[in-house]
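S.K.: Numbering-wise (UniProt numbering), the sequence shown opens with residue 1 and increments by one.
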Amino acid sequence: MKIRPLNDRILVKRLEGEEKTAGGIIIPDSAKEKPAEGEVIAVGPGKLGDNGERVAIDVKVGDRVLFSKYGGTDVKLDGEDYLILREDDILGVVEN
1 MKIRPLNDRI
11 LVKRLEGEEK
21 TAGGIIIPDS
31 AKEKPAEGEV
41 IAVGPGKLGD
51 NGERVAIDVK
61 VGDRVLFSKY
71 GGTDVKLDGE
81 DYLILREDDI
91 LGVVEN
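1. Pick from 83, 66 and 67: whose alpha carbon is nearest that of residue 74?
2. Using a Cβ-Cβ cutoff of less than 7 Å, which residues in the same chain neighbour residue 59 once the five nearest sequence positions on both sides are dropped?
3. Might you give, ordered along the chain, the residues of its own chain that have their beta carbon closer than 8 Å to the beta carbon of residue 13, omitting 5 neighbours on each side?
4. Residue 46 and residue 8 look like a contact to me (Cβ under 8 Å); what is the Cβ gap, rounded to whole Å?
5. Taking only the alpha-carbon atoms, compute the straight-line gap between residue 16 and residue 49 and give it to the nearest angstrom.
6. Starting from residue 80, trace the beta strand (DSSP E) both ways and give me its first and last residue.
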């Protein structure tokens, strides 16, 4: 199954959280927080501006992004968990 986000929405796959602390302590599943970092899988065409023209989205497929902890909507596609966010929920792009 394939999904195409509409307007300024972005489909993101969450990156797995750390399983160990820097000191080597293993974190149990019950204590893990959902990661607020993910990889962009699909991007909508952008929001319509006041003049009727599309405003392009600043992220592209493959970007690694940080997003609001409580933003977006969780969806499940082909057994995989994804998140659909608005562009405003993206806080930044992680660069190497």
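Built from N, CA and C at the ideal position, the CB exists for glycine as well.
M.R.: Inspection of the coordinates gives the following:
1. 83
2. 10, 40, 43, 65, 90 and 93
3. 38, 39, 41, 80, 81, 82 and 83
4. 6 Å
5. 35 Å
6. 80–86
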